[in-house]
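Peer 1: Protein chains in written order, with the working numbering: chain A, 1 to 80; chain B, 81 to 499. Dropping the structure in here first, questions after.
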Amino acid sequence: MDARQIILDAIERIAPDVDTAMLPTDVDFREEAELDSMDFLSVLTTVEQATGVTVPEIDYPRIITIDQFAEYLTARQQGA
Amino acid sequence: MTTDTTTTGTAVFRMPSLGADMTEGRITEWLVQPGERVERGQIVVIVETDKADIDVEVFEPATVTRLIVAEGDLVPVGAPIAELAPDTAPPSPGGSRVTSPVIRHLAEELHVDPSGVRGTGPGGRVRRDDIVTAGAPPRRATDRLHPLADRQRITPRARWLLAEHGLSVDDFTGHGLVTGDDVIARAAEPELEPVDRSEAMRRRIAGLMATSWKEIPHFHVSSRIDLQPVTARLAVTNADRPAGDRIVVGAMLLAATARAAAAVPACNGWWRDGRFEAATTVDLGVVLSLRSGGIIVPTIPNADQLGPRELMAHLDELVQRARQGRLRASDLHEASITATNLGDRGADTVSGVIHPPQVALVGFGTVHEELWPIEGDALVRPTVQASLAGDHRAIDGLTASRFLARLRTLLDGPLLDEC
């Protein structure tokens, strides 16, 4: 599945009130979807289960937007 | 769920009390059928309250023999709703279970034989209050009057129920002594029936907070705390872990709050009948914001006994259940102290409103970086503003300050070693 879709599905699971189709992909998604640090961890866990990619804390600044997060996932899955 | 055993060996399942304010509950759904075996901890019924749908679990293995109340029916707390045949007979008729060493100790102190005490906790577990009640001499009726009641005579229970139901003592003008049952009866009158749950929740919060602000002489103290030691430790401990095993700063703040409450017991308990009643366990109420608006305040029992990692796991499950509107009966124990955390995008400081009859509420603002003087230099450090709202009838500024000092110490060392 498309990395972007995996992320959107994970956000929707935590925040069912958010219409992820309308979520801009080039802004801070934690802010936009009002996710707190617990929610954010839940998103990471869901993504981790779907892709096998664990995002270490040190990489949090690299996954601010959905675009960045998708790019990051794709790169990591390709072994980068 | 509370059960008691009859002479025929069947146990009666009763509508549980899911919070001090609950008077009745609606059976939303039975998850078991007659003849079905249930395991300890299995969720057997979903009960609707104005807070949420609550998953109610059984505490003993048994076989369901009869469902007494149908789905959709509203019954008072304590009404039999099902019958069970327990796998093994309980130790004594109306037998109780004392699991906590703290409770056993208290029983010894008060010269109460715990095996003779009827437990009101989950699975008939004996709670602190049960021991105290068993040990206390019968009180005279006049002792039960609320000290603040002036013109209208009203029992303490009725006063809290008023708040819970969004009623006012003025609604009973000309009435004699107002009892809890009077309030329940009035609240059940159809025109006062709440239309939906979010409105009911708003009314509950409104009633509780208004009563708190009216009756409790609040004072607030606060301290800014350097969180560099915490964030540094978490960076190390979280580095190699999958997301699901990481600890967030918020969990550390809650863990520290619970430990501080154990260390400063004057802040951990309730103001009842004109005096402070210390709690013997730290049952931490945690204010959770719901995405749909409103708050819900589930409890982490014995929170001071949990390490940061255990507390994080408990919190994670609690948040998920609360967000899904599916809390468990065991999440709604009466709290002895409450904490609120404004979280990642909140304001800097919070001066909270105490949840009566508790005497303290601990608040945390958003963690942000600030210049912090260290040995003559100004360094940029992650900091949090911690506050304590205290009931001045029960505690003073010095005690409250001691609590915050303890909190700061815990976040600077002792708690970090357990991560």
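Just so it is clear, CB atoms sit at the ideal spot from N, CA and C, and this is done for glycine as well. Just so we're clear, the structure is a prediction, and the values are computed from it rather than from any experiment.
I need the DSSP call for Gly423(B), collapsed to helix, strand or coil.
Peer 2: Walking along the second sequence from the start, residue 423(B) turns up at place 343. Note: Gly423(B) maps to coil in three-state DSSP.
Peer 1: Please confirm if the region 426 to 445 of chain B is in contact with the region 257 to 268 of chain B, defined as three or more CB-CB distances below 8 Å between the two stretches.
Peer 2: Segments in contact, no.
Peer 1: Mind checking who Val464(B) pairs with in its DSSP beta bridge?
Peer 2: Stepping through the second sequence from its first residue, residue 464(B) is reached at position 384. For Val464(B), which the question treats as bridged, DSSP gives the partners Ile305(B).
Peer 1: Identify, in the order they occur along the chain, each residue of the same chain with its Cβ nearer than 7 Å to the Cβ of Ile7(A), setting aside the five sequence neighbours on each side.
Peer 2: By 1-based counting over the first sequence, the position of residue 7(A) is 7. So the qualifying residues of the chain are Val47, Ile66, Phe69 and Ala70.
Peer 1: Can you give me the C-alpha to C-alpha distance between Ile234(B) and Gly423(B), rounded to a whole angstrom?
Peer 2: Against the second sequence, residue 234(B) aligns to sequence position 154. Against the second sequence, residue 423(B) aligns to sequence position 343. Their backbone Cα atoms lie some 39 Å apart in a straight line.
Peer 1: If you pair each beta-carbon of the region 471 to 491 of chain B with each one of the region 333 to 343 of chain B, do three or more pairs fall below 8 Å?
Peer 2: The region 471 to 491 of chain B vs the region 333 to 343 of chain B: in contact.
Peer 1: For Arg117(B), does the three-state DSSP call read helix, strand or coil?
Peer 2: Mapped onto the second sequence, residue 117(B) falls at position 37. It is a strand residue.
Peer 1: Quick one: is Met86(A) near chain B, going by C-beta distance under 7 Å?
Peer 2: In the structure as shown, chain A starts at 1 and stops at 80, and residue 86(A) therefore has no counterpart that could be examined.
Peer 1: Can you name the start and end residues of the alpha helix (DSSP H) that Glu279(B) belongs to?
Peer 2: Taking the second sequence and counting its residues from 1, one reaches residue 279(B) at position 199. Note, Glu279(B): alpha helix (DSSP H), Arg277 to Glu295.
Peer 1: Keeping to the same chain, check which residues put their C-beta closer than 6 Å to that of Arg76(A); ignore five residues upstream and five downstream.
Peer 2: Reading the first sequence from its first residue, position 76 is the one you call residue 76(A). Excluding positions up to five away in sequence, the list reads Val53.
Peer 1: Output yes or no for whether 7 Å exceeds the beta carbon distance between Glu357(B) and Gly349(B).
Peer 2: Translated into positions along the second sequence, residue 357(B) becomes position 277. Translated into positions along the second sequence, residue 349(B) becomes position 269. Yes, they are a contact pair.
Peer 1: Classify Asp135(B) as helix, strand or coil using the three-state DSSP reduction.
Peer 2: As a position in the second sequence, residue 135(B) is number 55, starting the count at 1. Here Asp135(B) sits in strand by DSSP.
Peer 1: For Gly470(B), list the residues DSSP reports as bridge partners.
Peer 2: Stepping through the second sequence from its first residue, residue 470(B) is reached at position 390. Its beta-bridge partners are Phe299(B) and Ala440(B).
Peer 1: So, helix, strand or coil for Pro378(B), using DSSP?
Peer 2: Residue numbering aside, residue 378(B) sits at position 298 when the second sequence is read from its first letter. Correct three-state label for Pro378(B): coil.
Peer 1: Excluding the 5 residues preceding and the 5 following Arg13(A) in the sequence, name in chain order all residues of the same chain whose CB lies nearer than 7 Å to its CB.
Peer 2: As a first step, residue 13(A) must be located in the first sequence, where it is residue number 13. These residues qualify, in order along the chain: Thr46.
Peer 1: Quick check on Leu364(B): does DSSP put it in helix, strand or coil?
Peer 2: Position 284 of the second sequence, counted from the first residue, corresponds to residue 364(B). Looking at Leu364(B) - three-state DSSP - the assignment turns out to be strand.
Peer 1: Identify, in the order they occur along the chain, each residue of the same chain with its Cβ nearer than 6 Å to the Cβ of Ile63(A), setting aside the five sequence neighbours on each side.
Peer 2: As a first step, residue 63(A) must be located in the first sequence, where it is residue number 63. Within the same chain, Ile63(A) has close Cβ partners Phe69 and Tyr72.
Peer 1: Do the region 388 to 408 of chain B and the region 449 to 458 of chain B touch if we need at least three Cβ pairs shorter than 8 Å?
Peer 2: Taking 8 Å as the limit for Cβ pairs, the verdict is that the region 449 to 458 of chain B does not touch the region 388 to 408 of chain B.
Peer 1: With a threshold of 7 Å between beta carbons, is Leu44(A) in contact with chain B?
Peer 2: Counting from 1 along the first sequence, the entry for residue 44(A) is found at position 44. True, the Cβ-Cβ gap to chain B drops below 7 Å.
Peer 1: I'd like to know whether the C-beta of Arg71(A) is nearer than 7 Å to at least one C-beta of chain B.
Peer 2: Counting from one through the first sequence, the residue named residue 71(A) turns up at place 71. One point to set straight first is that residue 71(A) is Glu, not Arg, in the sequence displayed. Not one chain B Cβ lies under 7 Å of Glu71(A).
Peer 1: Would you say Glu48(A) faces chain B, with C-beta separation under 7 Å as the test?
Peer 2: Taking the first sequence and counting its residues from 1, one reaches residue 48(A) at position 48. Yes, because at least one Cβ of chain B sits closer than 7 Å to the Cβ of Glu48(A).
Peer 1: What are the start and end residues of each continuous beta strand (DSSP E) run of 3 or more residues lying completely inside the region 18 to 68 of chain A, in chain order?
Peer 2: Runs of the beta strand (DSSP E) inside the region 18 to 68 of chain A: none found.
Peer 1: Can you list, in chain order, the residues of the region 307 to 322 of chain B whose Cβ is nearer than 9 Å to any Cβ on chain A?
Peer 2: Within the region 307 to 322 of chain B, the qualifying residues are Leu314, Ala315, Asn318, Ala319, Asp320, Arg321 and Pro322.
Peer 1: Given 8 Å as the limit, is there contact between the region 100 to 111 of chain B and the region 123 to 135 of chain B, that is, 3 or more CB pairs closer than that?
Peer 2: The region 100 to 111 of chain B vs the region 123 to 135 of chain B: in contact.
Peer 1: Rounded to the nearest angstrom, what separates Ala415(B) and Ile375(B) at their Cα positions?
Peer 2: If you number the second sequence from 1, residue 415(B) lands on position 335. If you number the second sequence from 1, residue 375(B) lands on position 295. The straight-line gap from Cα to Cα measures roughly 15 Å.
Peer 1: Gln78(A): buried (16+ other C-beta within 10 angstroms of its C-beta) or exposed?
Peer 2: To locate residue 78(A), count along the first sequence from 1; it is residue 78. Burial call: exposed.
Peer 1: Exposed or buried, Leu490(B), counting other C-beta atoms within 10 Å across all chains shown (16 or more means buried)?
Peer 2: By 1-based counting over the second sequence, the position of residue 490(B) is 410. Buried: at least 16 other Cβ atoms inside 10 Å.
Peer 1: How about Arg371(B): is its C-beta nearer than 7 Å to some C-beta of chain A?
Peer 2: Position 291 of the second sequence, counted from the start, is the residue given in the question as residue 371(B). Yes, because at least one Cβ of chain A sits closer than 7 Å to the Cβ of Arg371(B).
Peer 1: Buried or exposed, going by whether 16 or more other CB atoms sit within 10 Å of the CB of Asp384(B)?
Peer 2: Position 304 of the second sequence, counted from the first residue, corresponds to residue 384(B). Classification of Asp384(B): buried, given that the 10 Å Cβ count is 16 or more.
Peer 1: How many angstroms separate the CA atom of Gly99(B) from the CA atom of Ala393(B)?
Peer 2: Working through the second sequence from its first residue, we reach residue 99(B) at position 19. Working through the second sequence from its first residue, we reach residue 393(B) at position 313. Distance between the alpha carbons of Gly99(B) and Ala393(B) is about 23 Å.
Peer 1: Based on Cα-Cα distance, which residue from Gln113(B), Thr446(B), Gly426(B) and Phe139(B) lies nearest to Arg120(B)?
Peer 2: Along the second sequence, read from residue 1 onward, the residue named residue 120(B) stands at position 40. With distances taken between Cα atoms, Arg120(B) lies closest to Phe139(B).
Peer 1: Do Val157(B) and Ala142(B) count as a contact pair if the criterion is CB distance below 7 Å?
Peer 2: Taking the second sequence and counting its residues from 1, the one referred to as residue 142(B) is at position 62. Taking the second sequence and counting its residues from 1, the one referred to as residue 157(B) is at position 77. Taking 7 Å as the Cβ cut-off, Ala142(B) and Val157(B) do not qualify as a contacting pair.
Peer 1: Enumerate in chain order the residues of its own chain whose CB-to-CB distance from Leu407(B) is below 6 Å, with the five nearest sequence positions on each side excluded.
Peer 2: Position 327 of the second sequence holds residue 407(B). Ala132, Ile134, Pro378 and Arg401.
Peer 1: On the three-state DSSP scale, how would you describe Ser410(B)?
Peer 2: As a position in the second sequence, residue 410(B) is number 330, starting the count at 1. Correct three-state label for Ser410(B): helix.
Peer 1: Would you say Leu8(A) faces chain B, with C-beta separation under 7 Å as the test?
Peer 2: By one-based count along the first sequence, residue 8(A) stands at place 8. Not one chain B Cβ lies under 7 Å of Leu8(A).
Peer 1: Helix, strand or coil for Asp497(B) per DSSP?
Peer 2: Here residue 497(B) is taken as the residue at index 417 of the second sequence, counted from 1. Note: Asp497(B) maps to helix in three-state DSSP.
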